[in-house]
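The sequence shown begins at 3 in the working numbering and counts up one residue at a time.
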Amino acid sequence: MNAINWFEIPVNDLERAVQFYTAVLGRDMPRMDLGGLKMALFPADQSEVGGALCMHEDFYKPSSEGTLVYLNGGADLSEPLSRVEAAGGKVVMEKKQINEEIGYMAIFVDTEGNKVAFHSPG
């Protein structure tokens with residue numbers, strides 16, 4: 003059982019954020035509009051933890067403080083991390099090993115001002 007079953011990353015400009023995450027992750031993000039709540043979904047199988055970029059003026063405010071979401075960096079997070087700055091983000095902590103069992107992490111700030119992390123085994 004996962005401790006997390008869904009996450010939402012707040013954005014001010016959904017299209018800008020989708021362009022950023024699509025460029026960094028190399029995956030399309032389907033969009034939804036739920037009566038003023040605009041979302042772009044991170045691709046995930048039904049058995050995986052999913053999440054979305056979310057925009058709504060009353061409920062979502064991007065921030066570099068607070069909760070830190072770790073996105074799957076694949077087999078080696080160096081690949082998506084290498085695309086962060088070209089896509090308009092900023093790497094604030096380069097790839098570093100947590101330990102041999104847990105793997106590696108890195109932290110970046112996205113185009114909306116959110117602090118987000120990658121995790122990978124290698």
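In this text, a Cβ means the ideal position worked out from N, Cα and C, and glycines have one as well.
Tell me which same chain residues have a C-beta within less than 7 Å of the C-beta of Lys-97, skipping the five on either side of it?
Here the set comprises Leu-79, Ser-80, Leu-83, Tyr-106 and Ala-108.
Return the CA-CA distance between His-121 and Ser-66, expressed in angstroms with no decimal places.
In a straight line, the C-alpha of His-121 is about 18 Å away from that of Ser-66.
Who does Ser-122 pair with in a DSSP beta bridge?
Note: Ser-122 sits in a beta bridge opposite Tyr-106.
Can you tell me whether Asp-30 is buried or exposed, with buried defined as 16 or more other CB within 10 angstroms of its CB?
With fewer than 16 Cβ atoms within 10 Å of its Cβ, Asp-30 is classed as exposed.
Regarding Leu-36 and the ligand ADP, is the C-beta to nearest heavy atom distance less than 8 Å?
What this structure holds is no ligand at all, so the ligand ADP is not there to describe.
Just mark Met-41 as buried or exposed, buried being the case when its beta carbon has 16 or more other beta carbons within 10 Å.
So Met-41 ends up on the buried side.
Is it buried or exposed for Pro-64, if we count other Cβ within 10 angstroms and need 16 for buried?
Pro-64 should be labelled buried.
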